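There are 2 protein chains.
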Amino acid sequence: MYRSHHCGQLRSKNIGERVVLSGWMATKRDFGGMTFIDLRDRYGITQLIFNMETDEALCLAARQLHREDVIQIHGDVRERSNKNPDIPTGDVEVVVSEINVLSRSKLPPFTIENDTDGGDELRMKYRYLDLRRPVLQEQIQFRSKLTLAIRKYMDQQQFLEIETPVLIKSTPEGARDFVVPSRLNPGQFYALPQSPQTFKQLFMVAGMDRYFQIVKCFRDEDLRADRQPEFTQVDCEMAFVHQEDVLQTFEGLTRFVFREMLSAELPEFQRITYDDAIRLYGSDKPDTRFDMQIIDFTDPVKGHGFKVFDQAEFIGGLLLEGKADEYSNKNMKEITTWVQRPQVGAKGLVYAQWKNDDTIKSSVGKFYPDDVIKSWFEAAGGQKGDILFLMSGEDALTRTQIGTLRLELGRRHELISPTAFKPLWVVDFPLLEWDEETQRFYAMHHPFTAPKTEDIEKMNSDDRKVLESIRADAYDLVINGAEIGGGSIRIYDRALQEKNFALLQFTPEEAESQFGFLMSAFEYGAPPHGGIAFGLDRLCAVMKGKTSIRDFIAFPKNNMGRDIMIDAPAKIDEEQLKDLSLRVVKKS
Amino acid sequence: MYRSHHCGQLRSKNIGERVVLSGWMATKRDFGGMTFIDLRDRYGITQLIFNMETDEALCLAARQLHREDVIQIHGDVRERSNKNPDIPTGDVEVVVSEINVLSRSKLPPFTIENDTDGGDELRMKYRYLDLRRPVLQEQIQFRSKLTLAIRKYMDQQQFLEIETPVLIKSTPEGARDFVVPSRLNPGQFYALPQSPQTFKQLFMVAGMDRYFQIVKCFRDEDLRADRQPEFTQVDCEMAFVHQEDVLQTFEGLTRFVFREMLSAELPEFQRITYDDAIRLYGSDKPDTRFDMQIIDFTDPVKGHGFKVFDQAEFIGGLLLEGKADEYSNKNMKEITTWVQRPQVGAKGLVYAQWKNDDTIKSSVGKFYPDDVIKSWFEAAGGQKGDILFLMSGEDALTRTQIGTLRLELGRRHELISPTAFKPLWVVDFPLLEWDEETQRFYAMHHPFTAPKTEDIEKMNSDDRKVLESIRADAYDLVINGAEIGGGSIRIYDRALQEKNFALLQFTPEEAESQFGFLMSAFEYGAPPHGGIAFGLDRLCAVMKGKTSIRDFIAFPKNNMGRDIMIDAPAKIDEEQLKDLSLRVVKKS
Chain A
1 MYRSHHCGQL
11 RSKNIGERVV
21 LSGWMATKRD
31 FGGMTFIDLR
41 DRYGITQLIF
51 NMETDEALCL
61 AARQLHREDV
71 IQIHGDVRER
81 SNKNPDIPTG
91 DVEVVVSEIN
101 VLSRSKLPPF
111 TIENDTDGGD
121 ELRMKYRYLD
131 LRRPVLQEQI
141 QFRSKLTLAI
151 RKYMDQQQFL
161 EIETPVLIKS
171 TPEGARDFVV
181 PSRLNPGQFY
191 ALPQSPQTFK
201 QLFMVAGMDR
211 YFQIVKCFRD
221 EDLRADRQPE
231 FTQVDCEMAF
241 VHQEDVLQTF
251 EGLTRFVFRE
261 MLSAELPEFQ
271 RITYDDAIRL
281 YGSDKPDTRF
291 DMQIIDFTDP
301 VKGHGFKVFD
311 QAEFIGGLLL
321 EGKADEYSNK
331 NMKEITTWVQ
341 RPQVGAKGLV
351 YAQWKNDDTI
361 KSSVGKFYPD
371 DVIKSWFEAA
381 GGQKGDILFL
391 MSGEDALTRT
401 QIGTLRLELG
411 RRHELISPTA
421 FKPLWVVDFP
431 LLEWDEETQR
441 FYAMHHPFTA
451 PKTEDIEKMN
461 SDDRKVLESI
471 RADAYDLVIN
481 GAEIGGGSIR
491 IYDRALQEKN
501 FALLQFTPEE
511 AESQFGFLMS
521 AFEYGAPPHG
531 GIAFGLDRLC
541 AVMKGKTSIR
551 DFIAFPKNNM
561 GRDIMIDAPA
571 KIDEEQLKDL
581 SLRVVKKS
Chain B
1 MYRSHHCGQL
11 RSKNIGERVV
21 LSGWMATKRD
31 FGGMTFIDLR
41 DRYGITQLIF
51 NMETDEALCL
61 AARQLHREDV
71 IQIHGDVRER
81 SNKNPDIPTG
91 DVEVVVSEIN
101 VLSRSKLPPF
111 TIENDTDGGD
121 ELRMKYRYLD
131 LRRPVLQEQI
141 QFRSKLTLAI
151 RKYMDQQQFL
161 EIETPVLIKS
171 TPEGARDFVV
181 PSRLNPGQFY
191 ALPQSPQTFK
201 QLFMVAGMDR
211 YFQIVKCFRD
221 EDLRADRQPE
231 FTQVDCEMAF
241 VHQEDVLQTF
251 EGLTRFVFRE
261 MLSAELPEFQ
271 RITYDDAIRL
281 YGSDKPDTRF
291 DMQIIDFTDP
301 VKGHGFKVFD
311 QAEFIGGLLL
321 EGKADEYSNK
331 NMKEITTWVQ
341 RPQVGAKGLV
351 YAQWKNDDTI
361 KSSVGKFYPD
371 DVIKSWFEAA
381 GGQKGDILFL
391 MSGEDALTRT
401 QIGTLRLELG
411 RRHELISPTA
421 FKPLWVVDFP
431 LLEWDEETQR
441 FYAMHHPFTA
451 PKTEDIEKMN
461 SDDRKVLESI
471 RADAYDLVIN
481 GAEIGGGSIR
491 IYDRALQEKN
501 FALLQFTPEE
511 AESQFGFLMS
521 AFEYGAPPHG
531 GIAFGLDRLC
541 AVMKGKTSIR
551 DFIAFPKNNM
561 GRDIMIDAPA
571 KIDEEQLKDL
581 SLRVVKKS
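Chain order of the listed sequences is A and B.
So the first sequence is numbered by UniProt numbering: it starts at 1 and just counts up by one.
So the second sequence is numbered by UniProt numbering: it starts at 1 and just counts up by one.
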């Protein structure tokens, strides 16, 4: 037996007991004739004590130990004279009578503490040491407990967890698939699922009624920061539901896990249409922890000879309250430069300050008299002491840029409570999204999303504007400006599904060869159904107030999709390639 | 709202309520002026009733419905005159006032009942209809509930569920890997994990203490019946444990899930060494639901001029009690032919019958007098009325063949209680397994398995017999003759791991390039650790008394690794291949 207790377990009631503990040597202090060791495991820390006077050999052995050595000790629990109220075992210590060194540690390549001196690459390479840091232990445990809480709720709601295959079929729609060559079927490939979408719909056709799965999904994308080629979804589907049933069920799930994990009671789940989200926040995932909305200045500011505005499709503004006197010329120049960064991409920024001394200062002061500018403030609900920022240009692009500035102002001026959670349903997404480059429609959510019943007729139009105006029963759950989940009510009628594929430029043959099994399933009694998928990694990050998902993943990959620790991907044997009927060719 | 209740919900207390139900039309009966419909969903069946006299139009509409049509009805719950005690809703029926047809069904390609007329291929193609059959609904639900029960126990035991990566690195050891070409790293490949072995060991080094995961694993094998290229493991690892700790913990898990799922109290978990299992049962996964053991006749039968026995390395027998008079010459010929089938591969079968009239009948009667044969029976604990079957040849092979005959005798003579569960730990597996073909050792379990402490010294030998005699702390959990799980205590010392790799014919460079990260981890304070992995599909099958795992998997693949429904694997676009720097070549 390696231990009688773990390192977070001993309390006053154990005083006088003989115990065996095992763990890592976290810290060591020599103090007079005594040596103190903090022995650490996942559960906590216990103080060990050695005495030169009573057992010199043992105390000397303890002094030989290095950080991260793994030891087993035998000893007696006694009351601690110098109690430590910060840790649960702080009332006791263990007087050691025997040490067994189980495993020695070399000097770790970085310090194993929350504030480590290790850089990203080094910590990825020694991820097993990085994972010993308390903050990562905490986050990995959080994720484990969160999945338990999710499963508890889903079971209460009669969802079955059913596994779907990982080796499936490649489809051209959506992101790029990872593929897996089949040895038994030479020249043919499986694909790894981007989501179990068609399978979960088939579960509904199969009468499973309520399905969920916490499941790995895969996307072979050019990796941006904080994207992983493999990620985990909480994937859900329900039969005999309208959109409202889905929203209620998953509002319930969200409330449940925030309560179980954080003892947090979420406020009302507000709802906003996609159109309003874009119009008011310049984003389909608005951060509603602060109120600032985009104000439409297109009409008010035109016709004063300022060409940039006069020629703009859209002019929008943000009202920053109470900061007029804080912004110097230098500040204004700096924030103008900020919006001109490639990541934001604005051409420029117009400002107007209504200073507390009642003067107006504006970058467009020569075109607009003070009283006109004051009328802008009034229209925006502003007053003396406020600033207006204005941007102009093509409608959609400008709103996005203003939305980005809005978030930056929120951060800079600490308008966002760090402890608030603001859940929001974004609803009524468009069914189709026009792509200028390829001059065709793509599915905004995915090709299985149902249009709103009242918009089905519009699918017969060949007018692009009409088609763009089709709304879908599609919805996203956004919390604090992060997209946590998204889903839709699905098509369950073969003819409607064929119609939708046609709008998405599938030939009937392509539709049949790729999704024939699904359309065929719709002919054998398919119930109305819909669902949602949550990004588990993102949900963890939002709940714990982190911006990166990486530290909720035990072994993440870097931005080139590499696992630095195991050095993957890697070359494989010629023999393996031959078995797979494959040859590697140089890129032309 | 599609429904106020599901189809398994209504009871006497609902009589008089107005309800909305949705589901599939399972059966329809016209009876006098009435029509009865069984409406089905996952939760049950509710009887609907229509009356030609009170609403002719509605009743006619009902009579138009086809099997598997999806409908929504409004109606009133009333007491049923002709109660059906076999179903929970059997006390009530619903008088329908409105039908909405949600989705029509064509005639299904096979009957959707437990005893279906659909063949394997057809049911695989229409798996979404196959899954509507009650027996499959039941098995898929069982699996879902079983995973919940497993997670409940593991949480109680402080195991964390942590996900490991699916895109890892190919290693030549063990079965063939599925590989995934990396587009961002041309010419390089990920591999899909055969198990998360190294990652779970790294979790122990990382101080996670207790890890588990219900996880998909992958093996690119030539598929035998009832093997799947992707399968699910309950994968577990614990730090600071000896073998006994692991066995206790997972005996606990097994008892827990049998109790929760089947209300079954398992008998004592017997233990047998690998050597004894082979010696007594000719199998490393003996079915101990019946006692019949292999009896060693090597010495007693030699020297009577029967050349086959005189030249054999080993002669073993089975005692079949009380059946001597049942076996005719024809029966004996039949069972002899049976053991000569290629699947068993025996050269022949010797028998001796001690008939109830005290005569002896034996295929080797001319070499052995009756009293000698009677002495065999006595040595075997047999008596008048029994049969002895004897087989001879090379030791290991013969024991395996006798073991196969043993199982067949158990089946034929119904020696196995169909409701019994007999758990058994097989322990003390050899560390190494000699392969005649390649003239080298392979790891019996895997290369990370620890030899027993007292056998470590033997690893320095270059005598094959000495090396073969090394025992490992490796164990299998066998229930009713099926291997449910297997595991081992692991090496956690770099030098010992290097030694083991060397015995397995890894060059130091190969060991370093493939498993350097793990050996490096052992240098930074690795705790002693060990674990186990359970086959979830197999566990389901054994618990439900089934021999095939396939119907516990929602979308299984056939023996060529194909998903017939979605038609995968399949060819991919030239463009995709080019992006991956690959070309398909003809097999030479």
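The C-beta atom is built at its ideal place from N, Cα and C for all residues, glycine as well.
Note that this is a predicted model, so its numbers are computed, not measured.
Sub-8 angstroms separation of residue i and residue j beta-carbons
i      : j      : result
Q137/A : R3/A   : no
F258/B : F421/B : yes
F367/B : F306/B : yes
H5/A   : Q197/A : no
L319/A : G381/A : yes
A379/B : K355/B : no
E163/A : R133/A : no
A57/B  : I99/B  : no
L39/B  : C7/B   : yes
For residue i, three-class secondary structure by DSSP
i      : result
S588/A : Reliability fails at S588/A, whose pLDDT of 49 lies under 50, so the model's placement of it is uncertain and the value that follows must be treated cautiously. Of the three classes helix, strand and coil, the one that applies to S588/A here is coil, per DSSP.
I489/A : strand
P134/B : helix
R11/B  : coil
T273/B : strand
G409/A : First, the residue type needs correcting, since residue 409/A is Leu and not Gly in the sequence shown. Three-state result, L409/A: helix.
K152/B : helix
R18/B  : strand
I112/A : coil
R538/A : helix
K578/A : helix
R143/A : helix
N460/A : helix
Y211/B : strand
Contact belief for residue i with residue j at Cβ below 8 angstroms, rounded distance in angstroms
i      : j      : result
V234/A : I214/A : 5 angstroms
G33/B  : E53/B  : 5 angstroms
F389/A : P165/B : Incorrect: roughly 44 angstroms between the Cβ atoms, too far for contact.
V70/A  : W24/A  : 6 angstroms
S195/B : A533/B : 6 angstroms
Please identify, using Cβ separations under 9 angstroms, the residues of the region 118-146 of chain A that lie next to chain B, in order along the chain. K125, Y126, R127, Y128, L129, D130, L131, R132, L136, Q137, I140, Q141, R143, S144 and K145
What residues from the region 208-238 of chain A come within 7 angstroms of chain B, judged by C-beta to C-beta, listed N to C? M208, D209, K216, D220, P229, E230 and T232
Is there contact between the region 428-444 of chain B and the region 472-489 of chain B, where contact requires at least three CB pairs shorter than 8 angstroms? yes
Is it a yes or a no for the region 529-541 of chain B touching the region 478-496 of chain B, going by three-plus beta-carbon pairs under 8 angstroms? yes
Quick check: the region 309-316 of chain A against the region 288-301 of chain A, are at least 3 beta-carbon pairs closer than 8 angstroms? yes
Contact between the region 481-497 of chain B and the region 518-534 of chain B (3+ Cβ pairs under 8 angstroms): yes
Across the region 79-97 of chain B and the region 504-518 of chain A, are there enough close Cβ pairs to call them in contact, namely three or more that are closer than 8 angstroms? no
Contact between the region 567-578 of chain B and the region 187-198 of chain A (3+ Cβ pairs under 8 angstroms): yes
Check whether the region 405-424 of chain A and the region 298-307 of chain A are in contact - that is, three or more C-beta pairs closer than 8 angstroms. no
Anything in the region 166-177 of chain A with a Cβ closer than 9 angstroms to a Cβ of chain B? List those residues in chain order, please. V166, L167, I168, K169, S170, P172, R176 and D177
Please name the residues in the region 547-563 of chain B whose beta-carbon is closer than 8 angstroms to at least one beta-carbon of chain A, in chain order. I553, A554, F555, K557, M560, G561, R562 and D563
Given a limit of 8 angstroms on CB to CB distance, which residues of the region 432-459 of chain A reach chain B? none
With 7 angstroms as the limit, tell me which residues of the region 516-535 of chain B have their beta carbon closer than that to any beta carbon of chain A; keep them in chain order. F517, A521, E523, Y524, G525, A526, P527 and P528
Check whether the region 225-232 of chain A and the region 545-553 of chain A touch, using three or more Cβ-Cβ pairs below 8 angstroms as the test. yes
Would you call the region 253-273 of chain A in contact with the region 137-150 of chain A, where contact means no fewer than 3 C-beta pairs closer than 8 angstroms? yes
Should the region 331-348 of chain B be regarded as contacting the region 397-407 of chain B, the criterion being three or more beta carbon pairs within less than 8 angstroms? yes
Do the region 284-294 of chain B and the region 412-419 of chain B make contact, defined as three or more Cβ pairs closer than 8 angstroms? yes
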